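Asker:
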Amino acid sequence: MDGEGRQLGTRTIANTPEGWAEALAWARGKQQQHRRWGIETGGSLGKGFAQFLLAQGEAAVRKVSPQRTAQYRRRGRTQDKTDQADALAIARLLLAEGAHLLSDHRDNLLVDRCTGRLLRPARFSGSQRTRVPGSAHGWSKRPAQPPFDTTISRDEARHVYNTLGTELDRSARYEERARRYALGALDLQPDQRVLQIGVGTGGEHLALARALESGGRSVGLDLSRTMLELTRRTSDTPLCEGDVVALPFAARSFDRLFCAYVLDLLPATDLPRALAEFARVLRPDGRVALVSLTEGTTTVSRLFVAAWKLRFRWNARSLGGCRPLQLLPLLDNTELAVVQREVIVQRGFPSEVVVATPSRAAAGMGSPPRAQY
Ligand SMILES: C[S@@+](CC[C@H](N)C(=O)[O-])C[C@H]1O[C@@H](n2cnc3c(N)ncnc32)[C@H](O)[C@@H]1O
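Going by our numbering, 212 is the number at position 216 of the sequence shown; the sequence numbering is gapless.
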């Protein structure tokens, strides 16, 4: 709505980090100058959006009570309580009472950018600064970085993926391009032995198995029994329940290893162990393709990742425990040498694909006959 109350357009978004990023990009494109956001639901979902907007520098985030929204819906002669009618009602209310609302702190929703906790407006008393524990004077203009080294526990991960089932496939529209690229970069030969870590619902495992002939073989491993059962519906290959940090296979058992969106849900302390396991089970002339959510490289993907991190701090389980990683530096000082690297953005979701081989130190140990698993 412009300053005269003319409607500039409406947009329905999902109340998810992707939706928030989409809304912000859209609003910025429509209106370069002053913007004020009304969030009708001050419940947990509205708080997530509010935190996202604040982190993106949208300083004034205000909560409008449902009663006030209803009042302006009626004034707009809208009887239906649809999301779109509510959004228009809030816009009308801000237009009519903006100045008054700014001085009325009763309904305001302010968010502490450091901890994500909601604060009473009085605690901010007009300041946008954030208290940073440990700093000399206690205040800094920059919020502290959240602890992305930790994530959900193994038990939680097992529970999340056992419960998620085929819902996991909804992520395909963000991830399938990167996965396809990584599968191509594996350069599969029909007689190879291939290990997939984290089979999920089995889509890529089927593609791997199809690329092999009778001389070759694919093996799948996953922490979640539900995921293994789903994969079993389409693949008759060996599948085993296990953990990426302790692979139940002999050294140098595989020619290829494929691992997509698993490392990003491991705590930082487990990442070197997982990579060491990959180097161990690969043959010296083997190859591994890794895929992970990563930091954004475009405006939209940066916004997407900013929203993702906020949501991760708020509820890591709702994101399957995954947070962005930077794979390239992780492979420094491992026995894997990077041969190819690409960042692929699909619908704002950035994925890093890294292809590596066991480095010369590992390869120099000779090439024994293939181990049996
Ligand atoms: C985000 S899903 C990705 C699934 C699949 N690779 C894909 O790209 O769709 C993560 C998968 O890794 C599995 N997983 C999580 N932690 C694991 C661990 N420590 N060891 C092995 N698998 C694990 C989960 O059960 C789940 O199937």
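Heads up, the beta-carbon is just placed ideally off N, CA and C, and yes, glycines get one too.
Note that the structure is a prediction, hence the values are computed from the model and not measured.
1) Comparing the CB of E171 with every heavy atom of ligand 1, is any distance shorter than 7 Å?
2) On the CB-based measure, 16 or more other CB atoms within 10 Å of its CB, does Q322 come out buried or exposed?
3) Would you be able to state if there are at least three C-beta pairs under 8 Å between the stretch 267 to 279 and the stretch 329 to 348?
4) Compute the minimum distance between the beta carbon of C236 and the heavy atoms of ligand 1, and state whether it is under 7 Å.
5) Report all residues from its chain with a CB closer than 7 Å to the CB of R221; omit the five preceding and five following residues, and keep chain order.
6) Identify, in the order they occur along the chain, each residue of the same chain with its Cβ nearer than 6 Å to the Cβ of G211, setting aside the five sequence neighbours on each side.
7) Straight-line CA distance for A83 to T147?
8) Determine the contact status of A256 and G194, defining contact as a CB-CB distance below 8 Å.
9) Secondary structure at L286, three-state DSSP: helix, strand or coil?
10) Can you tell me where the alpha helix (DSSP H) holding V296 begins and where it ends?
11) Leaving out five residues on either side along the sequence, give the residues of the same chain with a beta carbon under 8 Å from the beta carbon of L262.
12) Can you tell me whether DSSP reads R176 as helix, strand or coil?
13) Given a threshold of 16 other Cβ atoms within 10 Å of its Cβ, counted over all protein chains shown, does D281 qualify as buried or as exposed?
14) For R213, count neighbouring C-beta atoms within 10 Å of its own C-beta (all shown protein chains included) and say buried if the count is 16 or more, exposed if not.
15) Counting beta carbon pairs with one atom in the stretch 293 to 300 and one in the stretch 311 to 320, are three or more of them shorter than 8 Å?
16) Report the residue from L278, L259, R150 and L219 whose alpha carbon sits nearest the alpha carbon of P320.
17) Can you give me the C-alpha to C-alpha distance between W22 and A168, rounded to a whole angstrom?
18) Go ahead and pull the three-state DSSP assignment for A247.
19) Counting only runs of 3+ residues fully inside the stretch 189 to 227, write out the beta strand (DSSP E) ranges in chain order.
20) Identify which residue in I9, P354, V350 and A10 has its Cα closest to the Cα of A181.
21) Using a Cβ-based criterion (distance less than 7 Å to any ligand heavy atom), does D218 qualify as near ligand 1?
22) Which value, in whole angstroms, describes the spacing of the CA atoms of T8 and R73?
23) Is it buried or exposed for L243, if we count other Cβ within 10 angstroms and need 16 for buried?
24) Between which two residues does the alpha helix (DSSP H) carrying T159 extend?
25) At the level of alpha carbons, what is the spacing between R307 and E14?
26) Would you say R175 touches ligand 2, meaning its beta carbon is less than 7 Å from a heavy atom?
27) Taking the straight line between their C-alpha atoms, what separation do you get for S355 and V287?
28) Should V284 and L324 be called a contact, given that it needs their Cβ atoms to be closer than 8 Å?
29) Using only the heavy atoms of ligand 1, determine whether one of them is closer than 7 Å to the beta carbon of D239.
30) Taking only three categories from DSSP, how would you classify L184?
31) In this structure, how does DSSP classify Q67 when only helix, strand and coil are distinguished?
32) For A264 and T233, which I take to be in contact (beta-carbon distance under 8 Å), what is that distance rounded to the nearest angstrom?
33) So T230 and L202 are supposed to be a Cβ contact under 8 Å. How far apart are they, rounded?
34) Which residues in the same chain have their Cβ closer than 6 Å to the Cβ of L191, if we skip the five residues on either side of it in sequence?
Answerer: Reading from the atomic positions:
1) Start at 1 with the first residue of the sequence shown, and residue 171 comes out as number 175. Result yes, Cβ under 7 Å from ligand 1.
2) As a first step, residue 322 is located in the sequence shown; it is residue number 326 there, counting from the start. Exposed.
3) yes
4) Walking along the sequence shown from the start, residue 236 turns up at place 240. Checking the Cβ of C236 against ligand 1 gives no.
5) Against the sequence shown, residue 221 aligns to sequence position 225. Closer than 7 Å at the Cβ level, and outside the excluded window around R221, lie N158 and E237.
6) In the sequence shown, the residue the question calls residue 211 occupies position 215. Excluding positions up to five away in sequence, the list reads D187.
7) Position 87 of the sequence shown holds residue 83. Position 151 of the sequence shown holds residue 147. So the two alpha carbons sit approximately 35 Å from each other.
8) Within the sequence shown, residue 256 is the residue found at index 260, counting from 1. Within the sequence shown, residue 194 is the residue found at index 198, counting from 1. Taking 8 Å as the Cβ cut-off, A256 and G194 qualify as a contacting pair.
9) As a working note, residue 286 is residue 290 in the sequence shown. Note: L286 maps to strand in three-state DSSP.
10) For this step, residue 296 is matched to residue 300 along the sequence shown. First-last of the alpha helix (DSSP H) with V296: T295 to W310.
11) Counted from its first residue, the sequence shown places residue 262 at position 266. Answer for L262: T147, V240, V241 and A270, listed in chain order.
12) Taking the first residue of the sequence shown as position 1, residue 176 is located at position 180. In this structure, R176 counts as helix in the three-state DSSP scheme.
13) Taking the sequence shown and counting its residues from 1, one reaches residue 281 at position 285. Under this definition D281 is an exposed residue.
14) On the sequence shown, position 217 is the one that residue 213 refers to. Counting Cβ neighbours within 10 Å, R213 comes out buried, since at least 16 surround it.
15) no
16) Counting from one through the sequence shown, the residue named residue 320 turns up at place 324. Of the candidates L278, L259, R150 and L219, the one whose C-alpha sits nearest the C-alpha of P320 is L259.
17) To locate residue 22, count along the sequence shown from 1; it is residue 26. To locate residue 168, count along the sequence shown from 1; it is residue 172. Each residue's alpha carbon lies about 24 Å from the other.
18) Counting from one through the sequence shown, the residue named residue 247 turns up at place 251. In the structure shown, A247 sits in coil (DSSP, three-state: anything other than H, G, I, E or B).
19) 189 to 193 and 213 to 218
20) Your numbering for residue 181 matches position 185 in the sequence shown. Residue V350 is the option with its Cα nearest to A181.
21) If you number the sequence shown from 1, residue 218 lands on position 222. Yes; taking the cut-off as 7 Å, the Cβ of D218 has a heavy atom of ligand 1 nearer than that.
22) Position 12 of the sequence shown, counted from the first residue, corresponds to residue 8. Position 77 of the sequence shown, counted from the first residue, corresponds to residue 73. Approximately 21 Å, taken between the alpha carbons.
23) As a working mapping, residue 243 is identified with position 247 in the sequence shown. Classification of L243: buried, given that the 10 Å Cβ count is 16 or more.
24) For the purposes of this step, residue 159 is identified with residue 163 of the sequence shown, where counting begins at 1. Segment R150 to L160, the alpha helix (DSSP H) holding T159.
25) Counted from its first residue, the sequence shown places residue 307 at position 311. Counted from its first residue, the sequence shown places residue 14 at position 18. Whole-angstrom Cα-Cα distance: 11 Å.
26) Among the ligands in the structure shown, ligand 2 does not appear; only ligand 1 can be found there.
27) Along the sequence shown, read from residue 1 onward, the residue named residue 355 stands at position 359. Along the sequence shown, read from residue 1 onward, the residue named residue 287 stands at position 291. If you take the alpha carbons of S355 and V287, they lie about 19 Å apart.
28) Numbered from 1 along the sequence shown, position 288 holds the residue referred to as residue 284. Numbered from 1 along the sequence shown, position 328 holds the residue referred to as residue 324. Not a contact, by the Cβ cut-off of 8 Å.
29) The residue you call residue 239 lines up with position 243 of the sequence shown. It does: the Cβ of D239 is within 7 Å (strictly closer) of some heavy atom of ligand 1.
30) Walking along the sequence shown from the start, residue 184 turns up at place 188. Coil.
31) Locating residue 67 in the sequence shown gives position 71, where the first residue counts as 1. Helix, per DSSP.
32) If you number the sequence shown from 1, residue 264 lands on position 268. If you number the sequence shown from 1, residue 233 lands on position 237. Not confirmed; about 32 Å, so no contact.
33) Residue 230 sits at position 234 when you count from the first residue of the sequence shown. Residue 202 sits at position 206 when you count from the first residue of the sequence shown. Correct: roughly 5 Å between the Cβ atoms.
34) Looking up residue 191 in the sequence shown gives position 195. If we look at L191 and ignore the five residues flanking it on each side, its Cβ neighbours are V215, F250 and L253.
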